[in-house]
Structure formats: structure tokens, C-alpha cells
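A.B. asks: Mind having a look at this structure? Questions to follow.
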Amino acid sequence: MDDMNSSPASPGTPTPSVARYDVIDAVVGLAPDDALFAIRHTRQKISDATQNSYDLFFSPAGQGLAIRDRLRVAWYACVLSRATGLAQHYRAALARHDGDPAIDAAVAADRLDDLEPSNLKAMLAFTRKLIVKPVEGDQAQIDQLQAAGMTAADIVTLAQLIAFLSYQIRVTAGLQAMKALESQ
């Protein structure tokens, strides 16, 4: 049975989840009293899992990839996808973690060739492949990440992050479209 539609809890039965406001709600501009907010949170487990994934990927305490690099990958994925609301969110978060103006200018303009060879440049090139032409994200791309000095664990994390971003971008775009229809 759906968490939001379950009957009153009896002893030993999990209680229904309470909808919590999250990043997607903020980016789309949903308020807890909006009908679209209620629809989105009908399956609270899914909304919670989405926010929990976000929290995991963007925790400053996360191991492996630096938070600055994770945020720059997220921002770049949103730039490539023309997801302006999410791009603004990630750009603002990156600014709180001391972004580099030269790198940020290259990312904003999608000019990866302006970057010095580094694991960041390789991560952004991998991001481009998986966002723009995912079928080209093959062993050659992984070899480039390894040649840039990335560990297997960091490559897996990067691929998972990009997959999450692709999902987040699409959910946000769908909700924005629904919100636009709602206002007509």
C-alpha cells in the first residue's frame, strides 16, 4: 500500500511518511500547499530516495571525489541539458566551495578545451558523453579517466552521480512542464 494512502497505523505498523520539502521542490517552485507538490509526494518513498541520493552525492563529508568536483560535474550536466533552475542551484552551491573563475568560465561556455589536462577535465568530458551521447560512454572513456589518475571507485561514483543527475534533470523538467500547464 502507498505510504501516503495507508490507513491509520496500528501497533507495529509503520506510520505514513510526511512530505518534506526538497531540492526538486525548491527548483521547480513547488510549495507544500500546491496540488503538484501533493501529486509529487504521493509516493513519498520515491521523493525521499531522490533527496537522500542528492544528500549522499553532495555531502561535503563524502569520500573520494572532492565536493567542488562533484558540484562542478552537476553544474556542467545541467548546463549541457539546459536545466537552468538546477544549473543555478548547483552554481550557487559551487560558489560556496570556492569555485575557480577560469574553470567556471570554461564550464559555463562549454569550452573544455580551455582547461588544462587534469582529472577534472576528464570528468567533465565523461559527463558530456553520458549526458549528450550516452551510447558513446564506453571503455575508451573509462580509460581516459584512469589515465587522468582516477581510481576505479571514483569512476564508479562519477558514473552514478551522472546517472542521478540525468534522472534529477528529467524529473525537474517534467514537473516544470506540469506546473506551466497548471498555470494556463
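Note that the sequence shown covers residues 1 to 184 in full-length UniProt numbering. All residues carry an ideal CB built from backbone N, CA and C; glycine is no exception.
1. Which same chain residues, not among the five before or five after Leu175, have their C-beta less than 8 Å away from its C-beta?
2. Spatial neighbours of Leu115 within its chain, please: C-beta separation below 6 Å, excluding the five flanking residues on both sides.
3. Do you know how far the Cα of Ala108 is from the Cα of Arg128?
4. Cβ of Leu80 within 7 Å of Cβ of Val135?
5. Between which two residues does the alpha helix (DSSP H) containing Phe37 stretch?
6. Tell me whether Tyr21 sits in a helix, a strand or coil according to DSSP, three-state version.
7. What's the C-alpha gap between Phe57 and Leu145?
8. Out of curiosity, what's the CA-to-CA distance linking His89 and Ser183?
9. Pick out the complete alpha helix (DSSP H) segments inside the segment 94 to 156, 4 residues or longer, and give them in chain order.
10. What would DSSP say about Phe58, mapped onto helix, strand or coil?
11. Express the C-alpha separation of Ala92 and Asp98 in angstroms, rounding to a whole number.
12. Which class does Ser183 belong to by DSSP, given the choice of helix, strand or coil?
13. Once you ignore the five residues that flank Thr172 on each side, which residues in its own chain have a CB closer than 8 Å to its CB?
14. Which of the three DSSP states, helix, strand or coil, is assigned to Gln63?
15. Kindly indicate which residue of Ser53, Ala102 and Asp110 has the alpha-carbon position closest to the one of Ala77.
16. Just mark Asn52 as buried or exposed, buried being the case when its beta carbon has 16 or more other beta carbons within 10 Å.
17. How is Arg43 classed by DSSP in three states: helix, strand or coil?
18. Between Gly64 and the rest of its own chain, which residues show a CB-CB distance below 7 Å, the 5 nearest in sequence each way excluded?
19. State the Cα-Cα distance for the pair Val73 and Ile142, rounded to the nearest angstrom.
C.D. replies: To lay it out plainly:
1. The sequence position of residue 175 within the sequence shown is 175, counting from 1. Within the same chain, Leu175 has close Cβ partners Ile24, Val28, Leu30, Leu36 and Arg40.
2. For this step, residue 115 is matched to residue 115 along the sequence shown. Taken in chain order, the residues that qualify are Ala106 and Lys121.
3. As a working note, residue 128 is residue 128 in the sequence shown. As a working note, residue 108 is residue 108 in the sequence shown. Going by the C-alpha atoms only, they are around 13 Å apart.
4. Your numbering for residue 80 matches position 80 in the sequence shown. Your numbering for residue 135 matches position 135 in the sequence shown. In this structure, Val135 does not lie closer than 7 Å to Leu80 by Cβ.
5. The residue given as residue 37 occupies position 37 in the sequence shown. Run containing Phe37: Ala35 to Arg40, per the alpha helix (DSSP H) assignment.
6. Taking the sequence shown and counting its residues from 1, the one referred to as residue 21 is at position 21. The answer is coil: DSSP assigns Tyr21 none of H, G, I, E or B.
7. In the sequence shown, the residue the question calls residue 57 occupies position 57. In the sequence shown, the residue the question calls residue 145 occupies position 145. Phe57 and Leu145: Cα-Cα distance of roughly 19 Å.
8. Residue 89 sits at position 89 when you count from the first residue of the sequence shown. Residue 183 sits at position 183 when you count from the first residue of the sequence shown. Whole-angstrom Cα-Cα distance: 23 Å.
9. 101 to 108, 119 to 132 and 139 to 147
10. Within the sequence shown, the letter at position 58 stands for residue 58. Of the three classes helix, strand and coil, the one that applies to Phe58 here is coil, per DSSP.
11. Position 98 of the sequence shown, counted from the start, is the residue given in the question as residue 98. Position 92 of the sequence shown, counted from the start, is the residue given in the question as residue 92. Between Asp98 and Ala92, the C-alpha separation is close to 10 Å.
12. In the sequence shown, the residue the question calls residue 183 occupies position 183. Note: Ser183 maps to coil in three-state DSSP.
13. Position 172 of the sequence shown, counted from the start, is the residue given in the question as residue 172. For Thr172, where only same-chain residues beyond five positions count, the Cβ hits under 8 Å are Ile24, Val27, Val28, Ala83, Gly85 and Leu86.
14. Residue numbering aside, residue 63 sits at position 63 when the sequence shown is read from its first letter. Coil at Gln63, not helix or strand.
15. As a working note, residue 77 is residue 77 in the sequence shown. The shortest C-alpha separation from Ala77 is found at Asp110.
16. Looking up residue 52 in the sequence shown gives position 52. It counts as exposed.
17. Position 43 of the sequence shown, counting from 1, holds the residue named residue 43. Looking at Arg43 - three-state DSSP - the assignment turns out to be coil, as it is neither helix nor strand.
18. One-based indexing of the sequence shown puts residue 64 at position 64. Only Ala153, Asp154 and Thr157 meet the Cβ criterion.
19. By one-based count along the sequence shown, residue 73 stands at place 73. By one-based count along the sequence shown, residue 142 stands at place 142. Rounded to the nearest angstrom, the two C-alpha atoms are 16 Å apart.
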